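Numbered per our numbering, the sequence shown finishes at 343, counting up by one with no gaps. Note that CB positions come from ideal geometry on N, CA and C, so glycine has one too. Remember, predicted model here, so these are calculated numbers, not experimental data. Here's the structure, in structure tokens; my notes come after.
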Amino acid sequence: MEIKEIIGIDASKLTLDVCLHTIGVHEVFGNTFEGIALMVNWSLKKSSTDKGKLLFVFKHTGLYTHHLIEYLSAQGLLFHVVSGLEIRRSLGISRGKADKADAKRIALYGYRVREEVMPYQMAGSSLASLKRLMSMRRKLVSQRAGHIGTLGEQQRVLREEEGKVLFAVQQEIINTLDMQISHIEKELDRIIDQDPQLHNLYRLLISIKGIGEVTSRFLIVYTAGFTAFDTWRKFASYCGIAPFPNRSGTSIRGKTKVSHLANKEGKALLNMCAVSAIQFNPEMKSYYERRVLQGKNKVSTLNIIRNKLIARAFAVVERGTPYVNTLKYAS
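Right, here's the structure in full:
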């Protein structure tokens with residue numbers, strides 16, 4: 013893939029700051045389909061380059077880049093979506109914040125990695141819908157937990173006659189959130205059931221004892237249907253559960269540990285899966301107890317089980333058959 017020009021884009025709620033790296037020109041467009049169309053035409057005209065040799069690079073900012081991704085995909089243009097953290101780390105220390113400067117930095121980043129990047133593949137409509145619904149569910153669950161905690165504290169401190177109205181209002185909010193979470197979960201199930209590929213992946217994943225419905229959806233969405241990661245180890249690294257060495261020369265001999273750079277939601281879900289596995293999966297329970305008796309660290313053992321669960325998830329998908337617990341057949 014021969015790239016002649018890099019277009020760095022800093023997307024905000026209403027505008028797109030755009031910089032062409034080679035010729036160094038900058039322009040601002042509206043963050044609408046009309047504005048994006050003007051931006052593409054401007055880029056083609058200013059660069060005097062075929063669209064197949066342009067690479068648009070921008071940070072993923074959720075809804076603010078939704079129209080941009082849709083339009084570029086529909087037009088068959090090459091683009092790369094990257095995390096802001098990766099750009100900041102690759103370009104070193106920068107001072108201040110300005111959209112024009114950010115667009116220039118993004119274009120510079122794109123130029124440096126132009127030989128290595130893989131063009132972005134837009135997720136299917138079902139995966140995109142699942143991701144948005146899961147994000148809303150996560151927010152509602154967090155809000156519900158907050159209200160449950162507050163209600164518990166109020167009931168512990170206040171007498172019934174003092175907190176009658178407070179108790180009633182909190183409970184009504186909790187009941188409403190329960191209904192909305194249930195509504196979202198039904199929609200998640202509907203989307204998965206109507207898509208044969210997603211339904212098959214979901215069926216395979218929940219066959220693994222320890223991996224439940226919420227984690228199965230997370231795995232499907234954040235692996236893009238198990239197409240975004242070559243191996244389970246790469247996904248484990250993405251979730252922040254892959255151990256890395258901490259050594260340098262002869263002076264640093266630290267313990268092997270996981271990185272704090274992680275998808276925190278995935279890490280938390282996999283932790284709950286591991287805890288569930290050592291309670292209800294005889295094989296995992298036996299493994300955990302055996303290591304603890306040997307004096308091994310409980311946290312590191314729990315992390316091994318998290319990795320085992322991810323490895324099994326990738327294995328059942330690659331094999332195309334549900335997980336079989338061979339332990340129950342052992343004599």
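Beta-carbon within less than 6 Å of residue i's beta-carbon, same chain only, minus the 5 sequence neighbours each way: which residues are those?
| i | result |
| --- | --- |
| leucine 90 | Leu67, Pro131 |
| threonine 27 | Val40, Asn43 |
| cysteine 31 | Gly20, His38, Ala115, Lys116, Ala119 |
| threonine 34 | Glu17 |
| histidine 72 | Val93 |
| leucine 163 | Gln182 |
| methionine 296 | Ala289, Ile290, Ile317 |
| tryptophan 244 | Ile322, Ala323, Phe326 |
| phenylalanine 241 | Thr235, Phe247 |
| aspartate 201 | none |
Spatial neighbours of residue i within its chain, please: C-beta separation below 8 Å, excluding the five flanking residues on both sides.
| i | result |
| --- | --- |
| leucine 321 | Ile220, Gly222, Ile223, Leu282, Cys285, Ala286, Ala289 |
| glutamine 166 | Gly175, Leu178, Phe179, Gln182 |
Roughly how many whole angstroms lie between the Cα atoms of residue i and residue j?
| i | j | result |
| --- | --- | --- |
| valine 94 | arginine 149 | 25 Å |
| tryptophan 54 | aspartate 29 | 13 Å |
| serine 137 | isoleucine 317 | 33 Å |
| glutamate 172 | leucine 152 | 27 Å |
| alanine 180 | glutamate 199 | 29 Å |
| aspartate 190 | valine 226 | 16 Å |
| alanine 248 | asparagine 319 | 7 Å |
| leucine 80 | alanine 140 | 14 Å |
| asparagine 275 | leucine 75 | 19 Å |
| arginine 156 | asparagine 315 | 28 Å |
| asparagine 337 | asparagine 293 | 9 Å |
| isoleucine 160 | valine 169 | 14 Å |
| valine 311 | serine 147 | 28 Å |
| leucine 178 | histidine 272 | 39 Å |
| aspartate 62 | isoleucine 193 | 48 Å |
| tyrosine 300 | valine 129 | 41 Å |
| glutamine 87 | glycine 307 | 59 Å |
| valine 69 | leucine 145 | 26 Å |
| leucine 142 | glutamate 14 | 35 Å |
| lysine 57 | alanine 236 | 35 Å |
| arginine 215 | leucine 50 | 45 Å |
| glycine 64 | glycine 96 | 25 Å |
| isoleucine 99 | phenylalanine 256 | 22 Å |
| serine 343 | tyrosine 83 | Residue placement at serine 343 is poorly supported in this model, since its pLDDT is 43, which falls under 50; the coordinates still yield a value, given next. Cα-Cα distance, rounded: 59 Å. |
| glycine 47 | glycine 332 | 44 Å |
| serine 154 | glutamate 277 | 12 Å |
| glycine 158 | valine 52 | 45 Å |
| histidine 211 | serine 298 | 32 Å |
| histidine 195 | alanine 113 | 44 Å |
| isoleucine 203 | glycine 36 | 45 Å |
| asparagine 309 | valine 328 | 29 Å |
| glutamate 197 | arginine 101 | 37 Å |
| aspartate 205 | valine 233 | 15 Å |
| glutamine 209 | serine 85 | 22 Å |
Count the other CB atoms within 10 Å of the CB of residue i; is the residue buried (16 or more) or exposed (fewer)?
| i | result |
| --- | --- |
| serine 59 | buried |
| serine 228 | buried |
| glutamate 330 | exposed |
| aspartate 207 | buried |
| phenylalanine 238 | buried |
| threonine 77 | buried |
| leucine 213 | buried |
| proline 334 | exposed |
| leucine 305 | exposed |
In chain order, what residues of the same chain have a beta carbon less than 7 Å from the beta carbon of residue i, not counting five sequence neighbours either side?
| i | result |
| --- | --- |
| aspartate 111 | Asp22, Ser24, Asp29 |
| lysine 279 | Cys251, Gly252, Ile253 |
| leucine 231 | Leu217, Ala325 |
| arginine 303 | Thr313 |
| phenylalanine 45 | His79, Tyr83 |
- Query: Quick one: any contact between the segment 113-129 and the segment 178-198, if contact means 3 or more CB pairs under 8 Å?
  - Reply: no
- Message: Ignoring anything shorter than 3 residues, give me the beta strand (DSSP E) runs that lie fully in the segment 55-92, in order along the chain.
- Response: 66-71
- Item | Segments of 4+ residues assigned as alpha helix (DSSP H) that fall wholly inside the segment 209-262 | 225-234, 244-251
- Message: In chain order, what are the residue ranges of uninterrupted alpha helix (DSSP H) at least 4 long that sit wholly in the segment 104-160?
- Response: 111-124
- Where are the alpha helix (DSSP H) runs, 4 residues long or more, that stay fully inside the segment 271-315, in chain order? 276-292, 294-305
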